[in-house]
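K.L.:
The following block contains the structure, expressed as structure tokens.
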Ligand code: PEP
Ligand code: MG
């Protein structure tokens, strides 16, 4: 089976009726690129930059970050690289930043919210990214966006840093895409408004499921509520993907769901353009997607959207698709 998968390393991911999707990887450092290549990743769909900040007791400098982003972009040789700006807080802490103690850290000062409180940290990261942007196909993604004002503010700060760099004579890519993670229900529901202003969406199902079901993703007591296949989630995904397409934008997914076998038929049917997962899941997902037709998966998802429970959806997929 492993040998069979290995043959797919350099193949495109195309359904039996000719629909093409991108299978890309989630990474946490430049070292992970080896695995991305070995497993046929067509790019990076999520670079979690937190590790840069967790490595030492001090904040990474602009120069240190620039070197890492450049290395990743050059390593991917012009293929797309989506870098997520700092997503600290929630369960993740770092020594260099004194986070306030909160009752519900997952609902508190986390990710973009923290970056707005510590604009110095945010601007340093954005400058490093902008400087690195000329070394490949960089796409910048903001995490935990809940409102359009937040997106506009984050993008405004990015544009300010871009103008400053240009005034300093530094080259910055002019094809840089700027997108958001969809991981808060408010943003998913309002995706048709966001789609007019962003370049892309990437759905973070780990958090989107957590916030939709009001169930802490770290709590084993409520783990039964981690239900990515619940029709509530599928209906949110449909709205997000349709909204992106209505504005000519692309929609990806970088939560764990994107790498799950049961999810592939559903996400294909919904029209997801980009699937980002741990590198080791890519080839199996490619094999599965190449074995089905988009038209059949559209018919399947039509039924799934009308199901009442996760169990019904899972049963439906298993009885329709061989895996
Ligand atoms: C997600 O929330 O699905 C996601 C990809 O981000 P993280 O797991 O880093 O919160
Ligand atoms: Mg998340």
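Numbering (UniProt numbering), first residue to last: 247 to 569.
Cβ coordinates follow ideal geometry from the N, Cα and C atoms, glycine included.
Identify whether residue 268 lies in helix, strand or coil by the three-state DSSP scheme.
P.N.:
The answer is strand: DSSP assigns residue 268 an E or B state.
K.L.:
If I measure Cβ to Cβ from residue 452 and keep anything under 7 angstroms in the same chain, skipping five residues before and after, which residues do I get?
P.N.:
Closer than 7 angstroms at Cβ, skipping near neighbours: 463, 501 and 502.
K.L.:
For residue 355 and residue 262, what's the separation of their Cα atoms in angstroms?
P.N.:
Near 46 angstroms, if we compare the C-alpha coordinates of residue 262 and residue 355.
K.L.:
Mind checking whether the beta-carbon of residue 269 lies closer than 7 angstroms to any heavy atom of the ligand PEP?
P.N.:
Not so, every heavy atom of the ligand PEP lies at least 7 angstroms from the Cβ.
K.L.:
Report the partner residues of residue 423 according to the DSSP bridge assignment.
P.N.:
Answer is 385, bridged to residue 423.
K.L.:
Quick check: the stretch 364 to 376 against the stretch 400 to 410, are there 3 or more CB pairs under 8 angstroms?
P.N.:
Taking 8 angstroms as the limit for Cβ pairs, the verdict is that the stretch 400 to 410 does touch the stretch 364 to 376.
K.L.:
With a Cβ-Cβ cutoff of 8 angstroms, do residue 296 and residue 258 count as a contact?
P.N.:
Not a contact, by the Cβ cut-off of 8 angstroms.
K.L.:
Assuming residue 268 and residue 519 form a contact by the criterion Cβ under 8 angstroms, report the distance between their Cβ atoms to the nearest whole angstrom.
P.N.:
Correct: roughly 7 angstroms between the Cβ atoms.
K.L.:
Tell me the residue span of the alpha helix (DSSP H) that contains residue 281.
P.N.:
Here the alpha helix (DSSP H) through residue 281 covers 279 to 284.
K.L.:
Using the Cα positions of residue 456 and residue 335, report the straight-line distance between them to the nearest angstrom.
P.N.:
Cα-Cα distance, rounded: 15 angstroms.
K.L.:
Can you look up residue 292 in the DSSP assignment and give me helix, strand or coil?
P.N.:
Reduced to three states, the DSSP call for residue 292 is strand.
K.L.:
Could you say which of 472, 252 and 421 lies nearest to residue 324 if we only look at CA atoms?
P.N.:
Looking at the Cα atoms, 421 is the closest of the given residues.
K.L.:
Any heavy atom of the ligand PEP closer than 7 angstroms to the CB of residue 292?
P.N.:
Within the cutoff, so yes.
K.L.:
Measuring only the C-alpha atoms, how far is residue 326 from residue 351?
P.N.:
Between residue 326 and residue 351, the C-alpha separation is close to 32 angstroms.
K.L.:
Helix, strand or coil: how does DSSP classify residue 543 here?
P.N.:
Note: residue 543 maps to helix in three-state DSSP.
K.L.:
Can you tell me whether residue 348 is buried or exposed, with buried defined as 16 or more other CB within 10 angstroms of its CB?
P.N.:
By the 10 Å Cβ count, residue 348 comes out exposed.
K.L.:
Taking the runs of the beta strand (DSSP E) that are 3 residues or longer, which of them lie wholly in the stretch 465 to 515?
P.N.:
496 to 499, all fully within the stretch 465 to 515.
K.L.:
Inspect the CB distances between the stretch 296 to 316 and the stretch 554 to 565 and report whether three or more fall short of 8 angstroms.
P.N.:
Counting Cβ pairs under 8 angstroms, fewer than three are found: no touch.
K.L.:
Note down, in chain order, each residue of its chain lying with its Cβ closer than 6 angstroms to the Cβ of residue 527, except the 5 sequence neighbours on either side.
P.N.:
Excluding sequence neighbours, residue 527 sits near 505.
K.L.:
If you draw a straight line from the alpha carbon of residue 444 to that of residue 509, how long is it in whole angstroms?
P.N.:
Roughly 25 angstroms between the two C-alpha positions.
K.L.:
So if DSSP puts residue 520 in a beta bridge, which residue, or which two residues, is it bridged to?
P.N.:
In DSSP, residue 520 forms a bridge with 268 and 498.
K.L.:
Within the stretch 314 to 347, note down every full alpha helix (DSSP H) run reaching 4 residues or more, in order along the chain.
P.N.:
Correct list: empty.
K.L.:
Since residue 454 and residue 429 should fall inside the 8 angstroms C-beta cutoff, what is the C-beta to C-beta distance between them, to a whole number of angstroms?
P.N.:
Between residue 429 and residue 454 the Cβ distance is about 5 angstroms, and since that is below 8 angstroms, they are a contact.
K.L.:
Which stretch, first to last residue, makes up the alpha helix (DSSP H) that contains residue 563?
P.N.:
It spans 556 to 566 - the alpha helix (DSSP H) in which residue 563 sits, taken as one unbroken run.
K.L.:
In whole angstroms, give me the CA-to-CA distance for residue 342 and residue 364.
P.N.:
One C-alpha to the other measures close to 12 angstroms.
K.L.:
Considering just the uninterrupted stretch of the alpha helix (DSSP H) at residue 362, what are its terminal residues?
P.N.:
Residues 358 to 363.
K.L.:
Of the choices 278, 537, 409 and 411, whose alpha-carbon is the least far from that of residue 318?
P.N.:
Per the Cα distances, 278.
K.L.:
Assuming residue 627 and residue 441 are in contact, meaning their beta carbons sit under 8 angstroms apart, how far apart are those beta carbons, in whole angstroms?
P.N.:
This structure cannot speak to residue 627, because the chain is shown only from 247 to 569.
K.L.:
Pull the bridge partners of residue 259 from the DSSP assignment, please.
P.N.:
DSSP lists 267 as partners of residue 259.
K.L.:
Would you call the CB atoms of residue 330 and residue 427 closer than 8 angstroms?
P.N.:
It is a contact, given that the beta carbons lie within the stated cut-off.
K.L.:
If contacts are defined as beta-carbon pairs under 8 angstroms, then residue 607 and residue 525 qualify, I think. What distance do you get, rounded to the angstrom?
P.N.:
Outside the displayed span of the chain (247 to 569) sits residue 607, for which this structure offers no information.
K.L.:
By Cβ distance, which residues of its chain are closer than 6 angstroms to residue 566, with the 5 residues on each side in sequence left out?
P.N.:
Closer than 6 angstroms at the Cβ level, and outside the excluded window around residue 566, lie 546.
K.L.:
Check for me: the alpha helix (DSSP H) holding residue 440 runs from which residue to which?
P.N.:
Element bounds for residue 440: 437 to 440.
K.L.:
What number of angstroms, rounded off, separates the C-alpha of residue 538 from the C-alpha of residue 254?
P.N.:
Taking the straight line from one Cα to the other gives about 16 angstroms.
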